[in-house]
Amino acid sequence: MNFDPRFAFALFAFGGLGSAGCDLPSGTGGRAIEFEMQLGAASKPGLPIGSFETSTGWKVELGEALVAIGPVYVHENPPPLAGLVAPRGKSLSGMLWDVVVPDAHAHAGDQHFDGGEVKGEWLDQRAFDVLDPGGVRIGPVPGTEGRARSLSIRLDPPRASIGGDGAALHGHHAYVIGVAEKDGLVIPFEGGLDIEEEGTKRSVDGIPLDVSLGDGTIVGIVIHPSAWFNGAHFDRLTEKNAAGRFVITPESQVRTAWFLGARSFSAFSAETRGAQ
0 MNFDPRFAFA LFAFGGLGSA GCDLPSGTGG RAIEFEMQLG AASKPGLPIG
50 SFETSTGWKV ELGEALVAIG PVYVHENPPP LAGLVAPRGK SLSGMLWDVV
100 VPDAHAHAGD QHFDGGEVKG EWLDQRAFDV LDPGGVRIGP VPGTEGRARS
150 LSIRLDPPRA SIGGDGAALH GHHAYVIGVA EKDGLVIPFE GGLDIEEEGT
200 KRSVDGIPLD VSLGDGTIVG IVIHPSAWFN GAHFDRLTEK NAAGRFVITP
250 ESQVRTAWFL GARSFSAFSA ETRGAQ
């Protein structure tokens with residue numbers, strides 16, 4: 000199965016990509032298994048990870064970008080929008096992200112999600128360096144054999160036991176340093192994102208997935224940093240820190256755009272393949 004090149008996932012360079020859900024038979028299963036989980040990031044065509052242009056016309060280059068990921072739950076039920084029929088020549092996931100759920104304007108907390116049986120769960124947490132082209136391979140993850148149709152990802156504050164470089168998060172859910180440029184105006188910026196513990200704000204539910212889980216199946220979570228600041232207006236930042244960077248303060252418009260974007264469907268996708 001061919002994948003949209005926008006979702007290029009360097010972490011899978013060691014083997015061919017494929018949608019295991021389309022190639023393997025489905026079934027309720029029930030046998031206890033262990034599968035692999037991976038974290039990676041997508042880049043825009045022709046650009047390194049962390050370089051993109053926003054819908055507001057800003058060209059952004061991230062120099063540092065980390066996010067606390069986990070736990071992650073794999074569900075048997077599809078997302079609420081999975082019943083829609085994709086246009087000919089376009090994948091369902093592409094339709095969901097590009098048309099139904101545009102960047103930084105919707106998130107899974109806006110609608111009810113019933114994931115059904117949990118087919119697998121990774122209960123740890125990782126400070127993931129989004130700019131790492133190699134990604135991170137984690138596992139084994141305990142699960143139940145059978146078809147899985149969606150993911151839920153928790154965006155919690157960093158724990159004391161977090162894996163990776165937790166100190167680089169500076170106590171936040173996510174942290175970035177970067178430069179934004181538009182019409183000759185250059186804005187160096189820095190800041191952290193904190194998500195309130197309110198309702199489902201810290202959970203992104205119903206991320207599309209289609210895989211028949213078995214021993215050794217690989218489930219890859221792809222983060223799209225271009226979604227984080229898609230609606231941002233960097234010229235509205237006013238405070239500078241000692242390093243001369245404009246600070247993303249909690250009350251700023253850029254923080255609001257980041258808050259929406261980091262929790263949107265467009266910020267995540269899933270790629271899978273069978274056992275090696």
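Numbered by numbering that gives the first Met the number 0, the letters in the sequence shown go through residues 0 to 275 in order. For each residue, glycine too, the CB sits at the ideal point set by N, CA and C. Remember, it's a predicted structure, so these values are computed and weren't measured experimentally.
Residue i and residue j closer than 8 Å at C-beta
i	j	result
Gly142	Lys118	yes
Asp155	Ala126	no
Leu208	Ala147	yes
Phe34	Val140	yes
Leu38	Val175	no
Asp234	Gly114	no
Gly170	Ser211	no
Gly264	Ile206	Going by the sequence as given, residue 264 is Phe instead of Gly. Yes, these two residues count as a Cβ contact at 8 Å.
Glu270	Gly190	no
Ala173	Ala67	yes
Ser149	Asn76	yes
Leu122	Phe188	no
Phe228	Gly183	no
Supposed contact pair residue j and residue i - C-beta distance, whole angstroms, cut 8 Å
i	j	result
Ala179	Lys58	7 Å
His223	Ser151	Between Ser151 and His223 the Cβ distance is about 17 Å, and since that is not below 8 Å, they are no contact.
Gly177	Gly62	6 Å
Beta-bridge pairing of residue i - partner residues as DSSP gives them
i	result
Asp128	Leu65
Ile247	DSSP, once it has assigned bridges, lists no residue as partnering Ile247.
Arg272	Ile217
Arg136	Gln37
Trp121	Val71
Pro187	Val178
Pro207	Ser149
Glu52	Lys58
Phe228	Phe228 is not bridged to any residue.
Proximal residues to residue i (C-beta, below 7 Å), its chain only, five neighbours per side dropped
i	result
Ala64	Gly49, Val129, Leu130, Val175 and Pro224
Gly88	Note that Gly88 has pLDDT 37, beneath the 50 cutoff, so the model's placement of it is unreliable and no number is given.
Thr255	none
Thr55	Gly230, Ala231 and His232
Any non-hydrogen atom of the ligand MG closer than 7 Å to residue i Cβ
i	result
Glu189	This structure simply doesn't include the ligand MG, nor any ligand for that matter.
Close Cβ partners of residue i (< 8 Å) along its chain, the five nearest in sequence each way excluded
i	result
Leu23	Reliability of the predicted coordinates at Leu23 is poor, the pLDDT of 35 falling under 50, and the value obtained from them is presented with this limitation in mind. Contacts found: Val210, Ser211, Gly213 and Gly273.
Phe258	Leu192 and Ile194
Glu238	Phe245, Val246 and Thr248
Ser25	At Ser25 the pLDDT is 38, less than 50, meaning the model places this residue with poor confidence and gives no usable figure here.
Gly29	Thr143, Glu144 and Gly145
Same chain only: Cβ atoms within 6 Å of residue i, ignoring 5 sequence neighbours per side
i	result
Tyr72	Val117, Glu120 and Ser151
Lys181	Gly56 and Trp57
Glu52	Lys58
Ala167	Leu65
Pro78	Ser149, Gly205 and Pro207
Gln252	His232 and Arg235
Leu83	Model confidence at Leu83 stands at a pLDDT of 44, short of 50, so the residue's coordinates are unreliable; what they give is reported in the following sentence. No residues qualify anywhere along the chain.
Interface flag, residue i vs chain C, CB-CB below 8 Å
i	result
Arg201	Of the protein chains in this structure there is only one, and it is not chain C.
Where are the beta strand (DSSP E) runs, 3 residues long or more, that stay fully inside the segment 138-184, in chain order? 145-153 and 173-181
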